[in-house]
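Quick note: the sequence shown uses our numbering, first residue 42, plus one each step.
Since the structure comes first, as structure tokens, the remarks are kept for the end.
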Amino acid sequence: MKVGLFGANGRMGRVLIEALNEHDKAELSVASVRDNSPWVGMDVGELAGIGKLQTACSGLSSINPADVDVMIDFTLPAAFDNNLQWCVTNNKPVVIGTTGLSSEQLSLLAEAATKIPVVFAANYSVGVNLMLSLVKQAARALGATADIEIIEAHHRFKQDAPSGTAMAIGEAIADELGRDLKTCAVYGREGKTPPRDHNTIGFATVRAGDVVGEHTALFADIGERLEITHKASSRLTFARGAVQAAMWLSTQKAGQYGMNDVLALNQ
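Structural data, given as structure tokens:
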């Protein structure tokens, strides 16, 4: 299967090049960067630090739609609209891992999914998506009495906070408990605060060094607490999951899907 990348020069783009290179059924056929990027024309393998692969980076406007079966987008929100429009215009399925999207961009995504197949997930790790299932089970059992907090840590360069994965964990818990995360989330505490409202879901964010990604859902009651934690030690974990999603998506009809669909966790 011929897979194309948006933002091949990005942190995740380079790891995706490596993941595609090691896959026995996927071929990296297109690696796009900004039209005015200094990376245009550079071999993608050299860009990723794995040696020449005989595929050069190209500007978005230079992509030949016939060269790709499915696209993967892990760029920033600023590039999202143009990338999504390219996929809709050229009728190409797309796997989206961009986080920090606005409500307007989420609406664009939902509209695009009526025309093309889209996988959209905050995190493409198999372990994290299993964690989303586990926190729902914990919420059912403990949510009536436990205080719930979500703690996440990432590298110093991450621009959105809390992370998309932390928000997905919060949404999963809130949905299970019949709460609205928009009104029950607490994103910071400082100074003298009133006693904790049991119905809130707290978030704590750490940005430091080269932490790849750590997430903990804490269910704390009087006398005991349960912590469900996922720690990623390599971005290849996310990249391999995204390639798995791309392989799965290539045979799907138009619609918006998540990693729970790719991994059949709903069955």
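The beta carbon of each residue, even a glycine, is placed where N, CA and C say it ideally should be.
- Sixteen is the threshold: since fewer than 16 other Cβ atoms of the shown chains lie within 10 Å of the Cβ of Q178, the residue is exposed.
- Beta bridge pairing from DSSP links Q297 with V159.
- CA-to-CA, the gap between L149 and Q126 works out to about 9 Å.
- Within the same chain, Cβ atoms closer than 7 Å to the Cβ of D76 are found at G100, L101 and S102, the five residues on either side in sequence being excluded.
- Taking a cut-off of 8 Å for Cβ pairs, the stretch 149-165 and the stretch 287-303 touch, as three or more such pairs fall below it.
- The beta-bridge partner set that DSSP reports for L125 is empty.
- The beta carbons of I137 and D110 sit about 16 Å from each other, so the pair does not count as a contact at 8 Å.
- The beta-carbon separation of V44 and A280, rounded to 11 Å, does not stay under the 8 Å limit for a contact.
- Within its own chain, the residues whose Cβ lies closer than 8 Å to the Cβ of M42, once the five positions on either side in sequence are excluded, are K66, A67, E68, D110, V111, A287, M288 and S291, listed in chain order.
- When only Cα atoms are considered, F121 and A182 end up about 39 Å apart.
- Taking C-beta separations shorter than 6 Å and ignoring five residues to either side along the sequence, the partners of N164 in its chain run T206, following chain order.
- Going by beta carbons, V303 and S275 fall outside the 8 Å limit.
- At the C-beta level, I104 and V85 stay beyond 8 Å of one another.
- Note on the stretch 209-272: whole alpha helix (DSSP H) runs with a minimum of 4 residues are 222-225, in chain order.
- The C-alpha of T116 is placed about 9 Å away from the C-alpha of N124.
- For S73, the enclosing beta strand (DSSP E) stretches over residues E68 to V74.
- Taking one beta carbon from each stretch, the stretch 217-231 and the stretch 260-279 have fewer than 3 pairs nearer than 8 Å; the two do not touch.
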